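A.B. asks:
In this note's numbering, the protein residues as written are 266 to 556.
#1: Is it buried or exposed for residue 546, if we count other Cβ within 10 angstroms and need 16 for buried?
#2: Looking at C-alpha atoms only, which residue of 388, 287, 533 is the closest neighbour of residue 541?
#3: Assess contact between the stretch 503 to 516 and the stretch 421 to 436, defined as three or more Cβ pairs (one per stretch) separated by less than 8 angstroms. Is contact present?
#4: Considering only the beta carbon of each residue, do residue 450 and residue 393 sit closer than 9 angstroms?
#5: Tell me whether residue 577 is buried or exposed, calling it buried when 16 or more other Cβ atoms sit within 10 Å of its Cβ.
#6: To the nearest angstrom, how far is the alpha carbon of residue 319 from that of residue 453?
#7: Do you know how far the Cα of residue 444 is from the Cα of residue 563?
#8: What beta strand (DSSP E) runs, 3 residues minimum, are completely inside the stretch 326 to 397?
#9: Assuming residue 447 is part of the alpha helix (DSSP H), what are its boundary residues?
#10: For residue 266, which of helix, strand or coil comes out of DSSP?
#11: Taking 9 angstroms as the cut-off, decide whether the C-beta atoms of residue 533 and residue 506 are in contact.
#12: Can you give me the C-alpha to C-alpha distance between residue 288 and residue 332, rounded to a whole angstrom?
#13: Enumerate in chain order the residues of its own chain whose CB-to-CB distance from residue 440 is below 6 angstroms, with the five nearest sequence positions on each side excluded.
#14: Looking at the secondary structure, which residues open and close the beta strand (DSSP E) in which residue 510 lies?
#15: Within 10 Å of its beta-carbon, does residue 368 have 16 or more other beta-carbons around it, so buried, or fewer, so exposed?
#16: What are the uninterrupted segments assigned as alpha helix (DSSP H) that are 4 or more residues long and contained completely in the stretch 283 to 320, given in chain order?
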């Protein structure tokens with residue numbers, strides 16, 4: 266990916282979404298020719314020269330300091346995910362290796378002990394994915410919960426499922442939100458791993474085949490996979506509302522474990538246990554008869 270263009274477009278889209286009123290600037294008469302803040306207004310709030318900010322927005326990030334980036338983040342009112350993305354883009358644009366960047370994770374990098382732990386979580390649906398949204402592994406309940414995802418002809422991938430599989434519109438009760446989140450997560454990964462060929466190929470495929478993806482991708486929104494709620498419609502147990510936590514696997518950098526659960530006593534908890542029972546392994550061995 267062209268890191269200079271990515272940095273330029275990210276800053277421009279963040280600047281365009283802020284009005285002077287939102288930034289705490291006085292309004293003067295006359296028609297404004299740009300959406301959102303002007304470059305000089307961002308520079309003023311950030312406490313840097315206009316020339317310095319213009320150079321950065323053009324993708325030239327050589328020598329930019331963390332203090333300057335902090336000032337720009339405050340001026341553009343970036344959240345934590347956006348600030349981290351800005352740092353990744355600047356490091357990539359400046360062709361430096363920063364602590365926030367990582368190599369793309371390879372499939373199958375979960376250790377046997379981690380897999381054993383995941384499989385032991387029988388009351389919780391667990392998936393492990395990389396930054397591209399590829400499902401690396403899951404426990405039996407996780408595979409049962411996302412059974413439609415595993416029906417893909419290629420390796421399971423959330424981006425392909427959401428945007429290329431019509432069944433995703435039934436599976437996600439909040440499909441628009443799921444679509445926006447999926448793209449925002451891919452955008453964040455693109456900042457961390459701009460040279461990931463598999464990620465570039467995935468983005469190119471989705472952009473070519475989905476108008477919705479292409480529109481969302483152009484918005485340059487980013488987010489981190491931390492915690493949240495999913496409302497799903499499963500073909501076997503119908504509607505579920507599940508909470509999830511994004512947990513980094515320290516022994517496998519770049520991989521994220523996602524446990525899905527519901528509070529005991531709720532309808533969704535009962536349905537999740539029913540799904541576990543429906544997909545429990547069968548044992549053919551005869552049990553010894555009682556004496």
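Glycine included, each C-beta is placed from N, C-alpha and C at the ideal position. All values derive from a computational prediction rather than experimental measurement.
C.D. replies: On the basis of the data shown:
#1: Taking the first residue of the chain shown as position 1, residue 546 is located at position 281. When all chains shown are included, residue 546 counts as exposed.
#2: On the chain shown, residue 541 is found 276 positions in, with the first residue counted as 1. Of 388, 287, 533, the residue nearest in Cα terms is 388.
#3: no
#4: By one-based count along the chain shown, residue 450 stands at place 185. By one-based count along the chain shown, residue 393 stands at place 128. For the 9 angstroms CB-CB criterion, residue 450 and residue 393 do not form a contact.
#5: Nothing in the structure corresponds to residue 577, since the chain is present only between 266 and 556.
#6: Taking the chain shown and counting its residues from 1, one reaches residue 319 at position 54. Taking the chain shown and counting its residues from 1, one reaches residue 453 at position 188. Those two C-alpha atoms are separated by around 23 angstroms.
#7: The question about residue 563 has no answer here: the residues shown for the chain are numbered 266 through 556.
#8: 390 to 394
#9: As a position in the chain shown, residue 447 is number 182, starting the count at 1. Looking at the DSSP string, the run of the alpha helix (DSSP H) that includes residue 447 is 440 to 457.
#10: Residue numbering aside, residue 266 sits at position 1 when the chain shown is read from its first letter. Residue 266 falls in the coil class under three-state DSSP.
#11: Translated into positions along the chain shown, residue 533 becomes position 268. Translated into positions along the chain shown, residue 506 becomes position 241. In contact: residue 533 and residue 506 (Cβ atoms closer than 9 angstroms).
#12: Reading the chain shown from its first residue, position 23 is the one you call residue 288. Reading the chain shown from its first residue, position 67 is the one you call residue 332. C-alpha separation (whole angstroms): 19 angstroms.
#13: As a position in the chain shown, residue 440 is number 175, starting the count at 1. Excluding sequence neighbours, residue 440 sits near 434.
#14: Within the chain shown, the letter at position 245 stands for residue 510. For residue 510, the enclosing beta strand (DSSP E) stretches over residues 503 to 510.
#15: Stepping through the chain shown from its first residue, residue 368 is reached at position 103. Any answer about residue 368 is weak, because its pLDDT of 47 lies below 50 and its placement is not dependable; what the coordinates show is given next. The residue in question, residue 368, is exposed, as its Cβ has fewer than 16 Cβ neighbours within 10 Å.
#16: 285 to 288, 304 to 311
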